[in-house]
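A.B. asks: Taken in sequence, the protein lines are chains A and B. Mapping of the first sequence onto our numbering: residues 1 to 448, in sequence order. Mapping of the second sequence onto our numbering: residues 1001 to 1448, in sequence order. Have a look at this one.
Number of protein chains: 2
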Amino acid sequence: MGIVPTFDPNFKPTRVNIPQTNLPRIVIVGGGFAGLNLARSLRGKSVQVVLIDKHNYHTFQPLLYQVATAGLEPDSIAYPFRKIFKHQKRFYFRMGEVESIDSASRTVHTSIGDLSYDYLVLATGSRTNFFGMNEVERHAMSMKEIPEALDIRSLMLQNFEAALLSDQLNERDGLMSVIIVGGGPTGTELAGALAELKRHILPKDYPDLDVRRMSINVVEAAPRVLAAMSEDASKEALEFLENMGVDVWLDKRVKSFDGHQAVCHDGTVIQGNTLIWAAGVQGNPVLGIPEEHIVAGQRVTVDAFGRFGEREFAIGDVANLVNEDWPKGHPMLAQVAIQQGKLLAQNLERYIAGKDMKPFSYRDLGSMATVGRNKAVVDLPRFRFQGAGAWFIWMFIHVIQLIGFRNKLVVTLNWMYNYFRYARDIRLIIRPYRKSVEDEEFVDVTSR
Amino acid sequence: MGIVPTFDPNFKPTRVNIPQTNLPRIVIVGGGFAGLNLARSLRGKSVQVVLIDKHNYHTFQPLLYQVATAGLEPDSIAYPFRKIFKHQKRFYFRMGEVESIDSASRTVHTSIGDLSYDYLVLATGSRTNFFGMNEVERHAMSMKEIPEALDIRSLMLQNFEAALLSDQLNERDGLMSVIIVGGGPTGTELAGALAELKRHILPKDYPDLDVRRMSINVVEAAPRVLAAMSEDASKEALEFLENMGVDVWLDKRVKSFDGHQAVCHDGTVIQGNTLIWAAGVQGNPVLGIPEEHIVAGQRVTVDAFGRFGEREFAIGDVANLVNEDWPKGHPMLAQVAIQQGKLLAQNLERYIAGKDMKPFSYRDLGSMATVGRNKAVVDLPRFRFQGAGAWFIWMFIHVIQLIGFRNKLVVTLNWMYNYFRYARDIRLIIRPYRKSVEDEEFVDVTSR
């Protein structure tokens, strides 16, 4: 069921209204890092650009965890597409969900009707991968979109309110405790932010609770956290986490979770009512892509230029671009998506003009993760460092990457305020989280 | 169905856990202006205070309309109770909904269990009053709480997105147009904010739509807008609204609305798919109050001290306090609620000590409303003025009334930014609004 952007049940669009021109129409599906950078880079070129996204805003995903932990509001990390493209001519945004593509008739079928294309670019990103574990999926929270991050914020606060109502020690402990599955950047940053809440905020908010009994767990299948970064970074991040009181479980894979405890492959049992799944993502393709192009992990295999059909392209997380340097495909990273988006803008212009396209070549700019105040790890291609300097670099890089002056300002001021006051003032349960765990068909919480 | 603050279906609290002491326990139901001011004024007194609210935050209702019109985020006008009362001893907050009271056993029955009291203060405020018009209620939006304001924001943006998809002129016009029922401060301020969106933001966001065809209507039953203010203020506000392109319909009462058009008592038909009901509120009492105390408008009749039982009090919008100056009860205003809350703190101390209580006497500090940039009206007891000066006074008064340094800062910066940039950057559809209009039982959107 797609998004019908009105609550009038009589309103059923059948065709996406876009002016027909003589210029080639490029339809971009998804406005994440890949789609957004492609669309912006097409500015001024002789093409018509249509961007379709189910949200009316771009999400700066690297800071989602701060929305979940009451450090930032959604407006800090979201930016309306219509604002971004206000001055771009021959650009059209439509809010809707693409259901399938038909390359024979060059049409996308969407929740807001059909749309023809001359060139189609799939930039639908990735979604949480529970590797077929339905029970875990039913009880776990995921954090790929803003509504999900808000749900995590609400649920954790609701569970603390509930803990106050319980006479049972183990029930209280469970309601306070959190299990984060996945020790990558998301899991590590989330655990660090929760550890700061536990240290500075929650004991004052809940003087009746023994907040020391709150446990924050990170479960990682690899032998180290931040496994994609350097050994130094992993070692330092682990030390940061452990000093902040986070329980890190390495070499362990969660195989079940019943809403109260997680059980790992080796039999280890970890207590906690809130489980946040940050252990893996998979591509998010749409229907209609030739089956031979879909590989394990639901990504779409493309050639060196991003093509999977004569006029169909895929970029970003959903694309599986294999080359000599990356025989297993490129990592699902913002930087890859951004670079692919920018290159494809040039390549589409060349392609339309009948020129040869340039193959994609990923330039690794380095990676970084933060664990808490004054605690971050940075791996640059020739240089790596950790600690307070890394933390300031991390903040600077994230702020300058935000779109728009307002967002940069809001985030900077929030961070300054939170830093100096040890504050997380947005601990608001605006929409209480409710998920039915008894129904077989569990509720899609992102759509509420 | 009350709020159960966890999604664990096995968790069923039966008793609100509050330490039993020798001090008298004052249970305050509702943390709006009345309950909040009472609870804060009880600081340092020899009583135990328990505040119950269905939200974990206080809402600064006068600025709700700015959340609805993409000018402010919820964190600007909401403040967590636990933060407000961080340093207050013998104070307990519990998130839950009171279902009924039993004065014989001095117990409140809540969604989180039962709680005994020595003194009970009902400060449950008011809710939207549709005067029994179910059809209007089913299709209208109300704006008493933050989730409702967010729903209005989402719905209006969704309707603009939908208008882009329609070939039909009248359908597009309907999707763009808004009917505000009620020309009091809420309706007037909302209409002004929408007129600014229409002038400065929407034409740039939606170049494909003829935004000039968006109509903004205010329907008021009285012969003037801001009927509770001076004639001067009404006249000036009407002129402001009309100059901004708002259609003001005076002496008209909406009697039906089918989701597309409103019909008034005199047969006037007003087109628009979005109807916001700001035409009236009623008290929000709980079960268990003696019937003879409940008057028309669902308010609870109290004596000059706020009492409706030996140990039961009501303050704020829900209280119907009649005296010589106010033979029909006091108006439902923030100032009345604040003053009643503060007085009751003193009176409870006197009452417990066996002293006489002081009767309530409302001191009118004046009233004000804003229509747009540089446009406001202010009525002070001895003095009234309009225009840019009034607008600055309006902003200043509202900012200093916000709780906490952070909220004052965030709102001030947002207003400065919006003023100088003519911006409303928070036009984000975070949770798409969905309301089933086919079901007889319509969805309670505030609970999603």
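Think of the CB as a built atom: it goes at the ideal place given N, C-alpha and C, for glycine as much as any other residue.
Run through chain B and tell me which residues come within less than 9 Å of residue 16/A, C-beta to C-beta.
C.D. replies: By Cβ distance, chain B contributes 1164, 1165.
A.B. asks: Using a 10 Å radius around the Cβ and a threshold of 16 neighbouring Cβ atoms, would you call residue 1398/B buried or exposed?
C.D. replies: Under this definition residue 1398/B is a buried residue.
A.B. asks: To the nearest angstrom, how far is the alpha carbon of residue 162/A from that of residue 1302/B?
C.D. replies: The straight-line gap from Cα to Cα measures roughly 34 Å.
A.B. asks: Could you tell me the distance, in whole angstroms, from the CA atom of residue 288/A to the CA atom of residue 319/A?
C.D. replies: Spanning the two alpha carbons is a distance of roughly 15 Å.
A.B. asks: Where residue 67/A and residue 324/A are concerned, what is the direct C-alpha to C-alpha distance, given to the nearest angstrom?
C.D. replies: When rounded, the distance between both Cα atoms is 38 Å.
A.B. asks: Leaving out the 5 sequence neighbours to the left and right, which residues in its chain are closer than 6 Å to residue 1036/B when beta-carbon positions are compared?
C.D. replies: These residues qualify, in order along the chain: 1058.
A.B. asks: Which of the three DSSP states is assigned to residue 1220/B in this structure?
C.D. replies: Residue state, collapsed to three classes: coil.
A.B. asks: Let me check understanding here. Comparing Cα to Cα, which of 396/A, 117/A, 186/A, 264/A lies closest to residue 105/A?
C.D. replies: When each option's Cα is compared against that of residue 105/A, the closest is 117/A.
A.B. asks: From residue 43/A to residue 1123/B, what distance separates their C-alpha atoms?
C.D. replies: For residue 43/A and residue 1123/B, the distance between alpha carbons rounds to 56 Å.
A.B. asks: Quick check: the stretch 368-382 of chain A against the stretch 225-237 of chain A, are at least 3 beta-carbon pairs closer than 8 Å?
C.D. replies: With a cut-off of 8 Å, the stretch 368-382 of chain A and the stretch 225-237 of chain A count as touching, because enough Cβ pairs lie within range.
A.B. asks: Please list the partners that residue 1452/B has in chain A, where partner means a Cβ-to-Cβ separation under 8 Å.
C.D. replies: The displayed coordinates of chain B run from 1001 to 1448. Any statement about residue 1452/B would go beyond what the structure contains.
A.B. asks: Determine, using beta carbons only, whether residue 1337/B and residue 1316/B come nearer to each other than 7 Å.
C.D. replies: Yes, these two residues count as a Cβ contact at 7 Å.
A.B. asks: Quick check on this structure: which residue in 1168/B, 1113/B, 1097/B, 1204/B has the alpha carbon closest to the alpha carbon of residue 89/A?
C.D. replies: Taking only the C-alpha atoms, the option nearest residue 89/A is 1204/B.
A.B. asks: Report, in whole angstroms, the separation of the C-beta atoms of residue 1377/B and residue 1390/B, which I expect to be a contact under 8 Å.
C.D. replies: So it is a contact: roughly 6 Å between Cβ atoms.
A.B. asks: Which parts of the stretch 146-223 of chain A are runs of the alpha helix (DSSP H), unbroken and 4 residues or longer, counting only runs that do not cross its ends?
C.D. replies: Complete alpha helix (DSSP H) runs here, min 4: 146-163, 169-176, 185-196, 202-205.
A.B. asks: Near residue 339/A, which residues of its chain fall below 7 Å by C-beta distance, leaving aside the five closest residues on each side in sequence?
C.D. replies: Here the set comprises 362, 363.
A.B. asks: Which chain B residues sit within Cβ distance under 8 Å of residue 417/A?
C.D. replies: Chain B residues near residue 417/A: 1406, 1409.
A.B. asks: Would you say residue 1073/B faces chain A, with C-beta separation under 7 Å as the test?
C.D. replies: Yes - at least one Cβ of chain A is within 7 Å of the one on residue 1073/B.
A.B. asks: What span of residues does the alpha helix (DSSP H) with residue 489/A cover, start to end?
C.D. replies: Because chain A is modelled from 1 through 448, residue 489/A falls outside the range shown and cannot be assessed.
A.B. asks: Work out the CA separation of residue 261/A and residue 441/A for me, nearest whole Å.
C.D. replies: Low per-residue confidence applies at residue 441/A: pLDDT is 42, beneath 50, and the placement is therefore not dependable enough to give any value.
A.B. asks: On the DSSP bridge list, what partners appear for residue 92/A?
C.D. replies: Bridge partners of residue 92/A: 50/A.
A.B. asks: So, does the CB of residue 1449/B fall closer than 7 Å to a CB anywhere in chain A?
C.D. replies: An answer regarding residue 1449/B cannot be provided, because it is not within the stretch 1001 to 1448 covered by chain B.
A.B. asks: Residues in the stretch 279-309 of chain A with C-beta within 9 Å of chain B's C-beta atoms, listed in sequence order?
C.D. replies: Against chain B - using a Cβ distance shorter than 9 Å - the stretch 279-309 of chain A contributes no residues.
A.B. asks: Using three-state DSSP, classify residue 428/A as helix, strand or coil.
C.D. replies: Reduced to three states, the DSSP call for residue 428/A is coil.
A.B. asks: Sorted by chain position, which residues of the same chain lie with C-beta nearer than 8 Å to residue 1102/B's C-beta, five sequence neighbours on each side aside?
C.D. replies: 1108, 1109, 1288.
A.B. asks: Taking Cβ-Cβ distances below 7 Å as the criterion, which residues of the stretch 1357-1385 of chain B are in contact with chain A?
C.D. replies: From the stretch 1357-1385 of chain B, no residue has a Cβ closer than 7 Å to chain A.
A.B. asks: Determine the DSSP secondary structure at residue 1312/B, reduced to helix, strand or coil.
C.D. replies: In the structure shown, residue 1312/B sits in a strand (DSSP, three-state: E or B).
A.B. asks: Please tell me whether residue 98/A and residue 52/A are closer than 7 Å, where the distance is taken between their beta carbons.
C.D. replies: Yes.
A.B. asks: Quick one: which chain A residues come within Cβ less than 7 Å of residue 1198/B?
C.D. replies: Residues of chain A passing the Cβ test: none, with the nearest at roughly 15 Å.
A.B. asks: Looking at C-alpha atoms only, which residue of 225/A, 182/A, 184/A, 155/A is the closest neighbour of residue 174/A?
C.D. replies: With distances taken between Cα atoms, residue 174/A lies closest to 155/A.
A.B. asks: How is residue 1245/B classed by DSSP in three states: helix, strand or coil?
C.D. replies: It is coil, neither helix nor strand.
A.B. asks: Please work out which residues of its chain come closer than 8 Å, Cβ to Cβ, to residue 1192/B, disregarding the five sequence neighbours upstream and downstream, and give them in chain order.
C.D. replies: So the list reads 1240, 1241, 1244, 1246, 1370, 1371, 1372, 1375, once near-sequence residues are dropped.
A.B. asks: I'd like to know whether the C-beta atoms of residue 177/A and residue 215/A end up nearer to each other than 7 Å.
C.D. replies: Result yes, Cβ atoms of residue 177/A and residue 215/A sit closer than 7 Å.
A.B. asks: For residue 1182/B and residue 1220/B, which I take to be in contact (beta-carbon distance under 8 Å), what is that distance rounded to the nearest angstrom?
C.D. replies: Right, their Cβ atoms sit about 7 Å apart.
A.B. asks: Between residue 1002/B and chain A, is the shortest Cβ-Cβ distance under 7 Å, so that the two count as touching?
C.D. replies: Confidence in residue 1002/B is poor, its pLDDT being 37 and thus under 50, which makes the residue's placement too unreliable to answer from.
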